[in-house]
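As structure tokens, the structure follows; a few thoughts come after it.
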Amino acid sequence: MLGRAIYHFSRVESTNKIAFSLAEKGEREGTVILADEQFGGEGRRGRRWFSPLGGLWLSTILRPALPPEHTFIYPLMGAVAVAKAIKRLCSSCVYIHWPNDVMIRERKVGGAMCKIKREKEKVKFIILGVGVNLNIESFPPPLKELSTSLLLESHRPTYPFYFLDLFLNELRDLYSLSQVNQSLLMDKVQDFFPFVGKLVRVISSGEERKVWVKGIDYQGRLMVESENGIQQVITPAESVPITCL
Ligand code: BTN
11 MLGRAIYHFS RVESTNKIAF SLAEKGEREG TVILADEQFG GEGRRGRRWF SPLGGLWLST
71 ILRPALPPEH TFIYPLMGAV AVAKAIKRLC SSCVYIHWPN DVMIRERKVG GAMCKIKREK
131 EKVKFIILGV GVNLNIESFP PPLKELSTSL LLESHRPTYP FYFLDLFLNE LRDLYSLSQV
191 NQSLLMDKVQ DFFPFVGKLV RVISSGEERK VWVKGIDYQG RLMVESENGI QQVITPAESV
251 PITCL
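Note that the numbering used here has the sequence shown beginning at 11, numbered continuously upward.
Structural data, given as structure tokens:
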């Protein structure tokens, strides 16, 4: 059902906003809102998302029959679907930088985020917003040093609807898995997460520390162990940048 209905706009403020209001009015699960350009694209933690012509900017409505704490993994699931689609397209060395950045050569090529609407203790709907820099030729500062696109990496343009198809196929598989076998889904996430077993630098609660990465749990939290053996979890909300040592 993912992508059974697709609303395609040329220029909107944010596909997330349109998807949210459609979902509030009862739009079915799987509907995709797609835009060629956004003038108020939303990123995580209230950041702006650079969304000119040349990217894939979309939001989809999910209505999983799962308790809220089992859906915190969904932004990562979106990022993994992007990474798998990129891998199919150009077999680039693509990986996930926790919590949800899709990276090539230490630069961000895409990202995913979720907005959850709860009713009592249940999930009413989730808006999964995904952005992929497909055919973007250049980025303004400060993104210039931090971002990349498939065009810059592969020197070939990508047809957006072809990429959309690849992405939705991957997302369909991962989303189905999320409803029946969360630990298998976690395995798929870890396939794209190269930090397990590595010593990294994290900034958590404003403090910089060195920790060993143990993995990501089903709530999307980073499981780490300090150099003196203390186990800890860091939530995506703390959003600590991690750097390999
Ligand atoms: C991140 O901060 O890494 C997540 C970025 C998600 C951006 C996408 S673009 C399509 C959708 N609509 C928005 O306004 N944001 C998301």
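Even glycine gets a Cβ: it sits at the ideal position worked out from N, Cα and C.
On a predicted model such as this, the values are computed, not experimentally measured, just so you know.
Between the options, which lies nearest to residue i when the distance is taken from Cα to Cα?
i      : options                          : result
Lys27  : Ser159, Ala91, Val42 and Ala15   : Val42
Ser186 : Met87, Tyr105 and Ala247         : Met87
Met196 : Leu144, Ala89 and Ile16          : Ala89
Lys208 : Lys198, Arg182, Met233 and Leu32 : Met233
Arg98  : Gln200, Gly216, Thr25 and Thr168 : Thr168
Lys132 : Phe202, Arg73, Met123 and Lys118 : Arg73
By how many angstroms is the C-alpha of residue j removed from the C-alpha of residue i?
i      : j      : result
Lys224 : Phe19  : 42 Å
Trp222 : Glu37  : 43 Å
Gln5   : Ile83  : Given that the chain is displayed from residue 11 to residue 255, the structure contains no residue 5 and the question cannot be resolved.
Glu129 : Arg166 : 45 Å
Ser159 : Ile137 : 24 Å
Pro246 : Trp108 : 8 Å
Pro78  : Leu162 : 38 Å
Arg58  : Trp67  : 13 Å
Tyr105 : Asp183 : 19 Å
Gln48  : Gly65  : 10 Å
Val212 : Glu218 : 6 Å
Glu23  : Asn238 : 48 Å
Pro204 : Met113 : 11 Å
Which same chain residues end up closer than 8 Å to residue i when comparing Cβ atoms and leaving out the 5 residues on each side of it in sequence?
i      : result
Lys154 : Ser148
Gln200 : Val206, Gly225 and Ile226
Which residues in the same chain have their Cβ closer than 7 Å to the Cβ of residue i, if we skip the five residues on either side of it in sequence?
i      : result
Glu235 : Val221, Trp222, Lys224 and Gln241
Lys134 : Lys127 and Arg128
Ala95  : Phe173, Leu176, Phe177 and Glu180
Phe30  : Lys125 and Ile137
For residue i versus residue j, is the C-beta spacing smaller than 9 Å?
i      : j      : result
Val140 : Ala75  : no
Gly13  : Leu176 : no
Gly40  : Thr70  : yes
Phe60  : Pro150 : yes
Got a sec? Which residues, its chain only, sit under 6 Å from residue i by beta carbon, not counting five neighbours each side?
i      : result
Ser164 : Cys100
Just checking: is the beta-carbon of residue i within a distance shorter than 9 Å of some beta-carbon in chain D?
i     : result
Glu52 : Protein chains in the displayed structure number just one, and chain D is not present.
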